[in-house]
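This report concerns only the one structure given below.
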Amino acid sequence: MTSMYSKQCIFTIKVFIVCLIWYIASSAQSIVNKLTLQSYPYPLTMTLSSLVNNAIYTIPLARILNVKFQTVSTQYLTWVILPIAFGKSLSLASGFFGLWKVPVSYAQTVKATLPIFTVFTSRFLLHERQSKKVYLSLLPIVVGVVTASLTEISFNLAGLLASLFSTFINSCINVSLKKVFDDTGMHPISLLSLTSQLATVILFPLWFFQDGITIASGYLSETDENLPDMYFVFLLFTSGLCSFFQNLCSFVLIHQLTTLSFAVSNAAKRIAIIALSLFIFKNPVTLLNCLGMMMAIVGMFIYNRVKHPTKGGLHRDEDKPMLIKRDPHRLGFTHFTNSDSDVRLISLAQNA
Numbered sequence: 000m001t002s003m004y005s006k007q008c009i010f011t012i013k014v015f016i017v018c019l020i021w022y023i024a025s026s027a028q029s030i031v032n033k034l035t036l037q038s039y040p041y042p043l044t045m046t047l048s049s050l051v052n053n054a055i056y057t058i059p060l061a062r063i064l065n066v067k068f069q070t071v072s073t074q075y076l077t078w079v080i081l082p083i084a085f086g087k088s089l090s091l092a093s094g095f096f097g098l099w100k101v102p103v104s105y106a107q108t109v110k111a112t113l114p115i116f117t118v119f120t121s122r123f124l125l126h127e128r129q130s131k132k133v134y135l136s137l138l139p140i141v142v143g144v145v146t147a148s149l150t151e152i153s154f155n156l157a158g159l160l161a162s163l164f165s166t167f168i169n170s171c172i173n174v175s176l177k178k179v180f181d182d183t184g185m186h187p188i189s190l191l192s193l194t195s196q197l198a199t200v201i202l203f204p205l206w207f208f209q210d211g212i213t214i215a216s217g218y219l220s221e222t223d224e225n226l227p228d229m230y231f232v233f234l235l236f237t238s239g240l241c242s243f244f245q246n247l248c249s250f251v252l253i254h255q256l257t258t259l260s261f262a263v264s265n266a267a268k269r270i271a272i273i274a275l276s277l278f279i280f281k282n283p284v285t286l287l288n289c290l291g292m293m294m295a296i297v298g299m300f301i302y303n304r305v306k307h308p309t310k311g312g313l314h315r316d317e318d319k320p321m322l323i324k325r326d327p328h329r330l331g332f333t334h335f336t337n338s339d340s341d342v343r344l345i346s347l348a349q350n351a
């Protein structure tokens, strides 16, 4: 009994450490991305770099997690995967543009609207009906985001619309990903790699005619203002590295925590990012503004708490332990069960 208790304690500590690294990597990535955009206003370059980083880092990530890359038919790739990749590039570009225009704390608050878009997108595209409790659970998110918007001192309409559009596209992608997982059984890491590669190809022409030509013209005219340099490359590398550790930790936690526990951890992570960004950037905020942010984040928790049990009484999170102990000596996640958590991971990897 003592031995089993000791092993459980060690396992819990390991999960706590992974969760801590996840928080640090996620917060660092958001801070680095904002610092980069403040000094180098090239959101499309940031988007392209993020896609390339995802495509590159999924290779060692797949090896660490013992994931085999899968292939799909050309027809399925063209009509299903390619539109998802297009949406991925569009969502990331909008997200980085929004982050360029608004503070990190406000951008994170706007992202809390994802459940709202997901519920209504699922209703219109998949004809999924939700209970009244689910719809009511969205009210705190709406009230929180509206309050935060009305009281945001650094409010920017273009930034708000871009962030909302990015979140809306993410909700559409999430609905589509559920179908891909069901149709192909493809592992999320394999799908993340494939969509990142395709999205890079899709975005490159737009980047070339927008940021590419602008940067080239700046070098030719010998203008020093905001031109990319080695520090810019360092920031991009750091952001990519943080993204790698964030995705790695996300996968470890997704397979060690219940869906609800992961949702709670994700909401707490968003709070940590908001708090750290306010401390570092010292954005002026009011008490009402902070209350709006917290209400939106708490609304995400309420939504997940209400929605999860409605998916089936046989698999309710309250009947499970918070931690699902796996083999502590390996992280072999070659097989997985489709869930909202798996879908959320792809969404996390897409966000700025």
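When we follow numbering that gives the first Met the number 0, the leftmost residue of the sequence shown carries the number 0, and every step to the right adds one.
From the three backbone atoms N, C-alpha and C, an ideal C-beta is built for every residue, glycine too.
These figures come from a predicted structure and were not determined experimentally.
Burial state of residue i (16 or more Cβ within 10 Å)
i	result
Gly86	buried
Lys131	exposed
Phe167	buried
Ala84	buried
Gln74	exposed
Gln245	buried
Val255	The residue asked about is misnamed: residue 255 is Gln in this sequence, not Val. Per the 10 Å Cβ criterion, buried.
Asp326	Confidence is the limiting factor: at Asp326 the pLDDT is only 47, short of 50, which leaves the residue's position unreliable, though a coordinate-based value still follows. Result: exposed.
Glu360	What is shown of the chain runs 0 to 351, which leaves residue 360 out entirely.
Phe243	buried
Asn52	buried
Pro59	exposed
Contact check, residue i vs residue j, beta carbons under 8 Å
i	j	result
Met299	Ile140	yes
Asn32	Ala147	no
Cys241	Gln28	yes
Phe280	Pro102	yes
Val144	Ala295	yes
Phe95	Met45	yes
Val133	Lys306	yes
Ile272	Phe261	no
Euclidean distance between Cα positions of residue i and residue j
i	j	result
Thr309	Leu286	Unreliable positioning characterises Thr309 in this predicted model, as indicated by a pLDDT of 44, which lies under 50. A coordinate reading is not provided.
Met229	Leu125	47 Å
Gly239	Ala54	10 Å
Tyr56	Val251	16 Å
Cys8	Val14	10 Å
Leu235	Tyr4	44 Å
Gly63	Ser49	A small fix is needed here, since residue 63 is Ile in this sequence, not Gly. Looking at the two C-alpha atoms, the distance is approximately 20 Å.
Ser88	Leu47	8 Å
Gly291	Leu137	14 Å
Leu205	Ser189	26 Å
Ala92	Gly158	12 Å
Phe116	Ile12	36 Å
Lys67	Tyr218	43 Å
Ser162	Gln69	32 Å
Arg269	Val71	35 Å
Asn265	Phe208	37 Å
Ile152	Asn282	9 Å
Ser121	Glu224	46 Å
Leu226	Leu202	21 Å
Ile355	Ser216	With the chain covering only 0 through 351, there is no way to say anything about residue 355.
Val263	Glu221	50 Å
Leu19	Thr258	18 Å
Check your understanding: Counting pairs of beta carbons, one from the segment 72–82 and one from the segment 175–185, are three or more of them closer than 8 Å?
Key -> Counting C-beta pairs with one atom in each stretch, the segment 72–82 and the segment 175–185 have three or more that are closer than 8 Å, which means they touch.
Exercise for review: Decide yes or no for the touch test of the segment 20–31 against the segment 209–222: beta carbon pairs closer than 8 Å, at least 3 of them.
Suggested key: No: fewer than three Cβ pairs fall under 8 Å.
Exercise for review: Note down, one range per segment and in chain order, each beta strand (DSSP E) of at least 3 residues found wholly within the segment 24–83.
Suggested key: Qualifying beta strand (DSSP E) stretches: none in this window.
Review point. On the three-pair Cβ rule with 8 Å, is the segment 265–278 touching the segment 36–43?
Key: Judged by Cβ distances under 8 Å, the segment 265–278 makes no contact with the segment 36–43, as fewer than three pairs qualify.
Exercise for review: Decide yes or no for the touch test of the segment 179–196 against the segment 95–109: beta carbon pairs closer than 8 Å, at least 3 of them.
Suggested key: As far as the Cβ criterion goes, the segment 179–196 does not touch the segment 95–109, which means the pair count is below three.
Review point. For the segment 140–225, which segments carrying the alpha helix (DSSP H) assignment without a break, of at least 4 residues, lie completely within its bounds, in sequence order?
Key: Counting only runs of 4 or more, we get 156–183, 187–206 and 212–219.
Point to revise | Every unbroken alpha helix (DSSP H) within the segment 97–136, with a cutoff of 4 residues, ordered by chain | key: Listed in chain order, the complete alpha helix (DSSP H) runs (minimum 4 residues) inside the segment 97–136 are 103–110, 113–124 and 131–136.
Practice item. Entirely within the segment 273–303 and at least 4 residues each: give me those alpha helix (DSSP H) ranges in chain order. Key: Within the segment 273–303, no run of alpha helix (DSSP H) at least 4 residues long lies entirely inside it.
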